[in-house]
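Scroll down for the structure; my scribbles are underneath it.
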Amino acid sequence: MVSHLPYTNWTNTKGFDACFLTFHFLSTPSRGVAKAGPVIAYPQGVDGVPKMRLPAFGLATYKFKNAMWSSSVGDDKQLASSLLQTAHDWLQRLRVNHRDYQFFVSHGAFRK
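Below you can see the structure in the form of structure tokens.
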């Protein structure tokens, strides 16, 4: 998890159109987990600082409308559902009670 949003900040979410809680590996993934490791990409002509892409392995959403998905064939919805399940399984396996994840799930995180 890259960012933690303090529990007390959830009292004023009226201005948010949508929120995302993403889970990323910050090290080499464990055995049995898809290896979509970080990719180093050097930008052309920016500031010369390399950027690292950290693909998400888990996702939960809040205030995100199903109609906002870009794919009309359901691939995006299926991916989001799979990422939500992966986040759930990962937290359960580690026996972690993540307050932000619990909030997202209890307030309508995307489901199948």
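The sequence shown begins at 44 in this note's numbering and counts up one residue at a time. Using N, Cα and C, we set each Cβ at its ideal position, and we do this for glycine too. From a predicted model like this one, the values you see are computed outputs, not experimental measurements.
Cross-strand partners of residue i (DSSP beta bridge)
i	result
T129	Per DSSP, none; premise fails for T129.
H67	A99
Y105	C62
Distance, residue j Cα to residue i Cα
i	j	result
H141	L134	8 angstroms
F63	A123	11 angstroms
R136	T65	17 angstroms
V139	S70	18 angstroms
R96	A61	22 angstroms
Q121	F107	15 angstroms
Outcome for residue i when other beta-carbon atoms lying within 10 angstroms are tallied against a minimum of 16
i	result
L126	buried
D132	exposed
Proximal residues to residue i (C-beta, below 7 angstroms), its chain only, five neighbours per side dropped
i	result
H150	Y105
T129	F100 and G101
V148	A103
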